[in-house]
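Heads up, the thing below is written out as structure tokens.
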Amino acid sequence: MVAEGARRRVVVEVCNARNLMPKDGQGTACAYAVVDFDGQRRRTATRPRDLNPQWGERLEFLVHDPDAMASETLELNLYNDKKAIAAAGSGRRGGTFLGKVKVAGASFAKAGDEALVYYPLEKRSVFSQIKGEIGLKIWFVDDPPPPAAAEEKGAEEAAAEKKEAAAAPAAEGKDDKDKAPDVAAAAAAAAPAAEEKKPEAAPAKEKKPAEAKAEEKKPESAEKKGDKGGKKKSPEKGKKDGDKPKEEGKAKEEDKKDAAAAPPPSPSKLAPPPSPSKKDLAIAGVAGDLEIRPQSAAEKSMAASGASASYDLVDRVPYLFVRLLKAKRHGSGDTQPLYAQLSIGTHAVRTRAATAAEEWDLVFAFHKDSLTDTSLEVTVHEEAKKPAKEGDPVPPDANLGFVSFDLQEVPKRSPPDSALAPQWYTLDGHGSEDGAAVCDVMLAVWVGTQVDEAFQEAWQSDSGGYLVHTRSKAYISPKLWYLRLSVIQAQDLRLPSPPDAKAKQCGPVFPELYVKAQLGAQVFKTGRVPLGSAAAGTANPSWNEDLLFVAAEPFDPFLTVVVEDVFSGQTVGQARVPLSTVHRRSDDRVEPPSRWLNLCGDEARPYAGRVHVRVCLEGGYHVLDEAANVASDVRAASKQLSKPPVGMLEVGVRGAANLVPMKIAKDGASGSTDAYVVLKYGPKWARTRTILDQFNPRWNEQYAWDVFDPCTVLTIAVFDNVRYKAATDGGRDPGKLPRDSRVAKLRIRLSTLDTNRVYANTFALTAVHPVGVRKMGELELAIRFTCPSWLTLMQAYGSPLLPRMHYVKPLGAAQQDVLRHTAMRIVSGRLARSEPPLGPEVVQYLLDTDTHSWSMRRSKANWFRVVGCLSHVATAVRWAHRVRTWAHPPTTVLVHALLVAVVLCPEMILPTVCLYLFLVLLWRYRARARQPTGMDPRLSHADSVSPDELDEEFDGLPSARPADVVRMRYDRLRAVAGRAQTLLGDVAAQGERVEALLSWRDPRATAVFAVVCLLAALVLYAVPFKVLLLGMGFYCLRHPRFRGDMPSAGFNFFRRLPSLSDRVL
């Protein structure tokens, strides 16, 4: 948030451009950039005849509404300066437009976090010829309030004090009045100069501002002429946009003239209110900042779709709200603390005790369907005084009276109505001796729904009241970065002395050194390099290795780098790198700066040498914390590389049905389930409140997420809350609370959903347990994927799935798997420290930490998935075999006719295939999936798995089963691996036979193949190709009467070729 009186500036540094399109007809271009933001326009200088221009200019923009900056878009247009072409003596008029770039305001970095980002130049239309990229640095600065306002305020306060002082002389007051205008005039003269001053402006821009304005006006006038001729050469909107610089210049001149006469208004007064277009953009649901509150994002989407209010995907559940503010007892005597008690049917709730100077300020929400009475009674009690002696009995609390409300007369309220104002109510029932009331209570009673803003923090009758572990909350995963440490070499190393003489004699000639780096709990090591060997040089070992860590914001304070000796096990020296000083980069175009770290040894060696390293935070990668096939977010870590969202996902968790008992009583006769739902998409986690002791809970909560990629997955899981009972006991360590029990999980891929459509479905909850597959119940959801622009959604399908750095400098599969599990542990550790905590078992279950563990069931499922993909090929092969064997003669005759048509008209092959595929897709459109599907037990082979295989799947590492069970499973695994080994050997043998045909391993077979190739070349040269194709087709489709029962000669020849299987030990 920006402080009152302060202002925000956006600074755009136009660094350089690369590989621009030539536009002047001579293979070059005279490029300049025009930047538009928040109704303001700035322009850079022209770089003549350069396809890789260098500017290095900074352009500043004043942000009128800092809160709406995320919804603004900065647009940069690159043009070819036709005036520079004419001045160079060229008579040709080249093109004007060189490309454009749009940057969302949500991606602007704060001052100090900016980085150079290269944006590819975009086309203005389909027919534009654009190429190249432009490098920009964009950041915003929050300036403190100007001192002129403080001086003016101080002068006014001083004048007011002097007027009130009775002994002040009139002359002194007159002098003060004369001084005040001087101070105001000086401040007013300084304010415009401060606004026009730019901290690091280019010298050329300071010297010739008039020439820059002239250069800007002339290309615009030329563009206007081109527009009159009917050719659109610029995205500027003609005269309207071209007059903006003139109007701004006039306004500045008028401000300078009036500065001496009037004091300047504060920056908050200078900033105009946001235009309706900005409000529409903010309501449209395409803001880049993550919305933490569940209802606010939904309200924005509803406003964009024209709906009246949020929570339209769930049912509005009525609740009786009671807000108790405070109580006031009549009289001025000594009073004890007061507390209130609410009674309605079977519900009886008591507030905490508060003195007369304190307030309760509590809200209670009673589910209306659970109310068994028609009236609400609020009673106020006064705590009794403690007895003077310890043995005396404690007197009962005094009842000060009650107030009753008929539920039929309670007013109803629904947002966006304002909150109901509390009122004073006089208590009845217990008065003073003269019959007057002794106490009043301030409260408000109304009937609302779960949409009410007071519902989230209220005492809730269906979720255990004020229990922390049953609350509905939203969580945000920590922002993850890759930290790359490049260890180059070490110099001037001073090795520690060996611990004893024997170790020195037994040691190697060259000590082996390695570098160990540690960030938090992550420890990685480089390879070993012998000191003094040829690889390491004389005494300067060199590694040139990269170590990659996962860093989470807020970062750990230091990265520790240690050089150790392998043989002696002693530390040569260590150094620490503060992460606050580490360079951040968003791509590989800018190499991070290297640094020398001085190594600190023991007391005898305060300086143990130095090590040359290169450290940087990689913002161009996306740090995977979940399995890649079910990823919900693929954005880069750097905020400057983020793009505006393509749509919004809204999920309404209505309720569940027929949940199985998760807590069984000791006698086994009864059970209970305290269920809650966790939803995960992107970095945002949403947790519903816990409905206690219900097998058919109804949550009716709605959440919303911004969608940046449609090919992502939403993960939903149901859990049974076990923590809240242990937390209410109070005698247990918070870190040793029991783990919540898993109920079931399901996933929904967004690409399978139609846009702007509500799916209200019931999903079966199926889970795999050690005893077998169980149906845990049903979950009722309402899902809507809203996309305002169909074109933007289609463009997302053509863009890369992961950021650019994953393709330019890819990470190895094993390295990425290690980093993913590290990121999982970091996320689970951070979310476990929230209040209420999101347990590690919940986070790990939704992030699929056990996907790489061995499971016979999953292996079968993957095998049959491969078989299912190849089944279409097998079906085509069987159909071709039936055709060539004349199993259905009419079909074979038609295939003969099709073969003749294809051979005689080969140009019709590809159009016919494409048309056939189009017709097949139209035919299958009727059989498409109409509703999103959840987990498939049949695809998972969960219904055909044996109990022993399930027990093996749930067995941890190391195994906790008896030795004979482990031996039996090991033998079974060996049998399965043996079959897989045989299959791999057969596949390898076919490829080796082809290689043997060309390597003369079997001289006779290779000679025969060479003669056949020569004869085939002669036949193919002499016989027309169409005739050859017809002959081969008719030969393959010949009648079985002309066919033999034995394999063909070519097949027999290939099977006789040698493979390398006979050489394997």
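Start counting the sequence shown at 35; every next residue gets the next number (the working numbering).
Just so it is clear, CB atoms sit at the ideal spot from N, CA and C, and this is done for glycine as well.
Original post:
Helix, strand or coil: which one does DSSP assign to Pro-233?
Top reply: Here residue 233 refers to the residue found at position 199 when the sequence shown is read from its first residue. At Pro-233 the pLDDT is 38, less than 50, meaning the model places this residue with poor confidence and gives no usable figure here.
Original post:
Should Leu-96 and Val-135 be called a contact, given that it needs their Cβ atoms to be closer than 8 Å?
Top reply: By one-based count along the sequence shown, residue 96 stands at place 62. By one-based count along the sequence shown, residue 135 stands at place 101. In this structure, Leu-96 keeps its C-beta atom at 8 Å or more from the C-beta atom of Val-135.
Original post:
Excluding five sequence neighbours on each side, which residues of the same chain lie with their C-beta closer than 7 Å to the C-beta of Phe-400?
Top reply: What you label residue 400 is simply residue 366 of the sequence shown in a count that begins at 1. Around Phe-400: Tyr-353, Leu-354, Ile-378, His-381, Ser-495.
**OP:** Pick out whichever of Leu-527, Trp-630, Leu-547, Leu-517 has its Cα sitting closest to the Cα of Leu-581.
**Re:** Here residue 581 refers to the residue found at position 547 when the sequence shown is read from its first residue. The shortest C-alpha separation from Leu-581 is found at Leu-517.
**OP:** Can you give me the Cβ contacts of Leu-396 inside the same chain, cut-off strictly under 6 Å, excluding the 5 residues immediately before and after it?
**Re:** Counting from 1 along the sequence shown, the entry for residue 396 is found at position 362. If the five residues before and after Leu-396 are omitted, its C-beta is found closer than 6 Å to the C-beta atoms of Leu-358, Thr-385, all from its own chain and listed in chain order.
Subject >> Proximity winner among Val-802, Leu-827, Leu-904, relative to Met-810 (alpha-carbon distances) >> reply: Residue numbering aside, residue 810 sits at position 776 when the sequence shown is read from its first letter. Met-810 has its Cα closest to that of Val-802, out of Val-802, Leu-827, Leu-904.
**OP:** List the DSSP bridge partners of Pro-25.
**Re:** With the chain covering only 35 through 1099, there is no way to say anything about residue 25.
Original post:
Between Lys-144 and Asp-177, what straight-line distance do the alpha-carbon atoms span, to the nearest angstrom?
Top reply: Against the sequence shown, residue 144 aligns to sequence position 110. Against the sequence shown, residue 177 aligns to sequence position 143. So the two alpha carbons sit approximately 12 Å from each other.
**OP:** Name the residue from Pro-82, Asp-84, Lys-718, Tyr-66 whose alpha carbon lies nearest to the alpha carbon of Arg-76.
**Re:** By one-based count along the sequence shown, residue 76 stands at place 42. In this structure, Tyr-66 is the residue among Pro-82, Asp-84, Lys-718, Tyr-66 with its C-alpha nearest to the C-alpha of Arg-76.
Original post:
So what does DSSP say about His-930, is it helix, strand or coil?
Top reply: Here the question's residue 930 lines up with position 896 in the sequence shown. DSSP places His-930 in helix when its eight states are reduced to three.
Original post:
Can you round the beta-carbon distance between Leu-813 and Met-969 to whole angstroms, since I take them to be within the 8 Å contact cut?
Top reply: For this step, residue 813 is matched to residue 779 along the sequence shown. For this step, residue 969 is matched to residue 935 along the sequence shown. In this structure Leu-813 is not in contact with Met-969, their Cβ atoms being roughly 11 Å apart against a cut-off of 8 Å.
Original post:
Taking C-beta to C-beta, are Gln-525 and Thr-594 nearer than 8 Å?
Top reply: Here residue 525 refers to the residue found at position 491 of the sequence shown. Here residue 594 refers to the residue found at position 560 of the sequence shown. Cβ atoms of Gln-525 and Thr-594: not closer than 8 Å.
Original post:
How would you label Tyr-113, buried or exposed, when you count the other beta carbons within 10 angstroms and need 16 or more for buried?
Top reply: Taking the first residue of the sequence shown as 1, we reach residue 113 at position 79. Buried is the call here.
**OP:** Taking 8 Å as the threshold, find out whether the segment 673 to 681 comes into contact with the segment 736 to 745 through three or more Cβ pairs.
**Re:** Touching, per the Cβ criterion.
Original post:
Would you say Thr-408 and Gln-375 are within 8 Å of each other, going by their C-beta atoms?
Top reply: Mapped onto the sequence shown, residue 408 falls at position 374. Mapped onto the sequence shown, residue 375 falls at position 341. No.
Subject >> Cβ neighbour criterion (16 or more within 10 Å) applied to Gly-169 >> reply: Within the sequence shown, the letter at position 135 stands for residue 169. Gly-169 counts as buried, since no fewer than 16 other beta carbons sit within 10 angstroms of its beta carbon.
Subject >> DSSP three-state assignment for Pro-695, whether helix, strand or coil >> reply: Taking the first residue of the sequence shown as 1, we reach residue 695 at position 661. Assigned with DSSP and collapsed to three states, Pro-695 falls in coil, not helix or strand.
**OP:** Counting only runs of 3+ residues fully inside the segment 40 to 95, write out the beta strand (DSSP E) ranges in chain order.
**Re:** The qualifying runs are 41 to 52, 65 to 71, 74 to 77.
Original post:
Considering only residues of the same chain and omitting the five flanking positions on each side of Gln-556, which have a CB-CB separation below 8 Å?
Top reply: Here residue 556 refers to the residue found at position 522 when the sequence shown is read from its first residue. Excluding residues within five positions, the ones whose Cβ falls inside 8 Å are Phe-583, Val-584, Thr-856.
Original post:
To the nearest angstrom, how far is it from the Cα of Tyr-459 to the Cα of Asp-474?
Top reply: On the sequence shown, position 425 is the one that residue 459 refers to. On the sequence shown, position 440 is the one that residue 474 refers to. It is roughly 6 Å from the alpha-carbon of Tyr-459 to the alpha-carbon of Asp-474.
Subject >> Integer-rounded CB distance, given that Val-680 should sit under 8 Å from Cys-903 >> reply: By one-based count along the sequence shown, residue 903 stands at place 869. By one-based count along the sequence shown, residue 680 stands at place 646. A Cβ-Cβ separation of about 30 Å leaves Cys-903 out of contact with Val-680 under the 8 Å criterion.
Original post:
Are there 16 or more other CB atoms within 10 angstroms of the CB of Phe-142, so buried, or fewer, so exposed?
Top reply: Locating residue 142 in the sequence shown gives position 108, counting from the first residue. Buried, since its Cβ has 16 or more Cβ neighbours within 10 Å.
**OP:** From the DSSP output, read off the bridge partner residues of Arg-363.
**Re:** Numbered from its first residue, the sequence shown carries residue 363 at position 329. Partner(s): Cys-473.
Subject >> Reduced DSSP secondary structure (H/G/I, E/B, other) of His-915 >> reply: Reading the sequence shown from its first residue, position 881 is the one you call residue 915. DSSP places His-915 in helix when its eight states are reduced to three.
Subject >> Supposed contact pair Gly-554 and Asp-590 - C-beta distance, whole angstroms, cut 8 Å >> reply: The residue labelled residue 590 in the question sits at position 556 within the sequence shown. The residue labelled residue 554 in the question sits at position 520 within the sequence shown. With a Cβ gap of about 5 Å, Asp-590 and Gly-554 count as contacting.
Original post:
Looking at the unbroken beta strand (DSSP E) that takes in Glu-148, where does it start and where does it end?
Top reply: The residue you call residue 148 lines up with position 114 of the sequence shown. That residue, Glu-148, is in no beta strand (DSSP E); it is neither H nor E in DSSP.
Subject >> Among Arg-1006, Gln-490, Pro-971, Thr-967, the one whose alpha carbon lies nearest that of Glu-986 >> reply: As a working mapping, residue 986 is identified with position 952 in the sequence shown. Here the closest residue by C-alpha is Arg-1006.
**OP:** Would you tell me roughly how many angstroms separate the C-alpha atoms of Arg-158 and Ala-149, rounded to the nearest one?
**Re:** The residue labelled residue 158 in the question sits at position 124 within the sequence shown. The residue labelled residue 149 in the question sits at position 115 within the sequence shown. Taking the straight line from one Cα to the other gives about 27 Å.
Original post:
With a CB to CB cut of under 8 Å and the five nearest residues on each side skipped, what residues in its chain are close to Lys-241?
Top reply: Here residue 241 refers to the residue found at position 207 when the sequence shown is read from its first residue. With a pLDDT of 39 at Lys-241, under the threshold of 50, the modelled position of that residue is not reliable, and the figure given next carries that caveat. Once the five neighbours on either side are set aside, Lys-241 has no close Cβ partner at all.
Original post:
Since Ile-172 sits in a beta bridge, which residues does DSSP pair it with?
Top reply: Within the sequence shown, residue 172 is the residue found at index 138, counting from 1. BP columns for Ile-172 point to Val-46.
**OP:** Determine contact between the segment 502 to 520 and the segment 640 to 652, defined as no fewer than three beta-carbon pairs at a distance below 8 Å.
**Re:** Taking 8 Å as the limit for Cβ pairs, the verdict is that the segment 640 to 652 does touch the segment 502 to 520.
**OP:** Quick one: give me the first and last residue of the beta strand (DSSP E) that Trp-739 is part of.
**Re:** Here residue 739 is taken as the residue at index 705 of the sequence shown, counted from 1. In the DSSP assignment, Trp-739 falls within the unbroken beta strand (DSSP E) covering 732 to 741.
Original post:
Alpha carbon to alpha carbon, what distance is there between Val-549 and Lys-559?
Top reply: Numbered from 1 along the sequence shown, position 525 holds the residue referred to as residue 559. Numbered from 1 along the sequence shown, position 515 holds the residue referred to as residue 549. Cα-Cα distance, rounded: 6 Å.
Original post:
Helix, strand or coil for Gly-319 per DSSP?
Top reply: By one-based count along the sequence shown, residue 319 stands at place 285. Note on Gly-319: pLDDT 38, under 50, position unreliable in the model; the coordinate value appears next. In the structure shown, Gly-319 sits in coil (DSSP, three-state: anything other than H, G, I, E or B).
Subject >> As assigned by DSSP and simplified to three states, the class of Phe-1076 >> reply: Residue mapping note: residue 1076 aligns to position 1042 of the sequence shown, counting from 1. Residue state, collapsed to three classes: helix.
Subject >> Neighbour-count burial assignment, His-906, 16 or more Cβ in a 10 Å radius >> reply: Looking up residue 906 in the sequence shown gives position 872. By the 10 Å Cβ count, His-906 comes out exposed.
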